[in-house]
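Q: Encoded as structure tokens, here's the structure I'll be asking about.
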Amino acid sequence: MTFLLLKAIETFLWTLFAKMVFRAPGTEEEAYRPPDIKIGALPPKRSGENGKDFPFIVIRPVEGEDNEDDSTATVKITFGVYTEEGIEGGFNDVTNMVDRARRGLLQTRFLDKKYVLNLPLRWTLGDEDSADHPHPYYHGAIITKWSTPPVEQILPPEDAINIFGSGYPAENG
């Protein structure tokens with residue numbers, strides 16, 4: 110169920126950011142582009158490709174909880190931008206990226222007809238990796254908590270008969 114939620118968030122973000130471009134390292138043709146959206150993590154770095162992942166959005170499950178009547182999943186959405194402009198330009202870009210996603214999620218709050226965004230929605234600028242990536246790299250994140258459909262318990266027919274009596278219908282009958 111968690112992967113389907115991540116795919117629903119990915120689809121939503123692709124729609125939201127399809128026409129929004131950010132600065133990117135590289136040649137003049139690649140100077141601006143929409144963010145690359147990944148589930149889980151960015152691809153491994155290769156020699157000489159420092160900064161090629163920017164701009165990006167990474168969607169990663171953090172934790173989940175299943176109760177008797179409901180299930181929830183916490184998902185962190187991390188944003189990264191690159192700019193060779195001043196520090197203000199980098200903070201402006203990452204703030205705009207976080208704000209666009211935050212506003213879109215708060216306006217929609219319901220994805221794929223089964224996932225509901227729970228409030229509060231939390232956001233941060235910078236992340237645990239920011240110390241390793243100072244200017245010209247900027248990061249932000251949104252921490253979301255989603256209600257997900259609970260997993261239904263399936264009992265083998267012999268256990269169902271012991272619990273509910275012989276009037277319980279067989280699964281294939």
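So the sequence shown is numbered by our numbering: it starts at 110 and just counts up by one.
Here a beta-carbon is modelled for each residue, glycine too, at the ideal position from N, C-alpha and C.
So, helix, strand or coil for Val167, using DSSP?
A: Correct three-state label for Val167: strand.
Q: Work out the CA separation of Arg209 and Ala150 for me, nearest whole Å.
A: So the alpha carbons of these two residues sit roughly 21 Å apart.
Q: Leaving out the 5 sequence neighbours to the left and right, which residues in its chain are closer than 6 Å to Asp241 when beta-carbon positions are compared?
A: Confidence at Asp241 is low in this model, with a pLDDT of 48, below 50, so its placement is unreliable and the value that follows should be read with caution. If we look at Asp241 and ignore the five residues flanking it on each side, it has no Cβ neighbours.
Q: Drop a sphere of 10 angstroms on the beta-carbon of Asp175, count the other beta-carbons inside from all chains shown, and report buried for 16 or more, exposed for fewer.
A: Asp175 is exposed by the Cβ-count criterion.
Q: Along the chain, where does the beta strand (DSSP E) containing Lys254 start, and where does it finish?
A: Unbroken beta strand (DSSP E) run through Lys254: 246 to 257.
Q: Tell me whether the beta-carbon of Val203 lies closer than 8 Å to the beta-carbon of Val184.
A: Cβ atoms of Val203 and Val184: not closer than 8 Å.
Q: How far does the alpha helix (DSSP H) with Lys116 in it reach, from first residue to last?
A: Per DSSP, Lys116 belongs to the alpha helix (DSSP H) from 111 to 126.
Q: Would Ile166 pass as a contact of Leu115 if the rule is Cβ separation under 8 Å?
A: No, the pair does not count as a contact, with Cβ atoms beyond the cut-off.
Q: Residues in the same chain with beta-carbon distance under 7 Å from Gly199, minus the five sequence neighbours each way, listed in chain order, please.
A: Same-chain partners within the cutoff: Val190, Thr192, His244, Pro245, Tyr247.
Q: Decide if Trp255 is buried, meaning its Cβ has at least 16 other Cβ atoms within 10 Å, or exposed.
A: Burial call: buried.
Q: What are the boundary residues of the beta strand (DSSP E) that includes Val225?
A: Val225 -> beta strand (DSSP E) spans 224 to 234.
Q: Could you compute how far the alpha carbon of His226 sits from the alpha carbon of Pro164?
A: The amino acid at residue 226 is misidentified as His; the sequence shows Leu. Cα to Cα, Leu226 sits roughly 25 Å from Pro164.
Q: With DSSP collapsed to three states, give me the class of Thr192.
A: Three-state DSSP puts Thr192 in coil, outside helix and strand.
Q: Quick one: Cα of Val130 to Cα of Leu122, how far?
A: Rounded to the nearest angstrom, the two C-alpha atoms are 13 Å apart.
Q: Would you kindly report the start and end of the unbroken beta strand (DSSP E) that includes Asp145?
A: Element bounds for Asp145: 145 to 148.
Q: Thinking C-beta only, is Thr181 closer than 8 Å to Thr257?
A: Cβ atoms of Thr257 and Thr181: closer than 8 Å.
Q: Helix, strand or coil for Pro265 per DSSP?
A: Coil, per DSSP.
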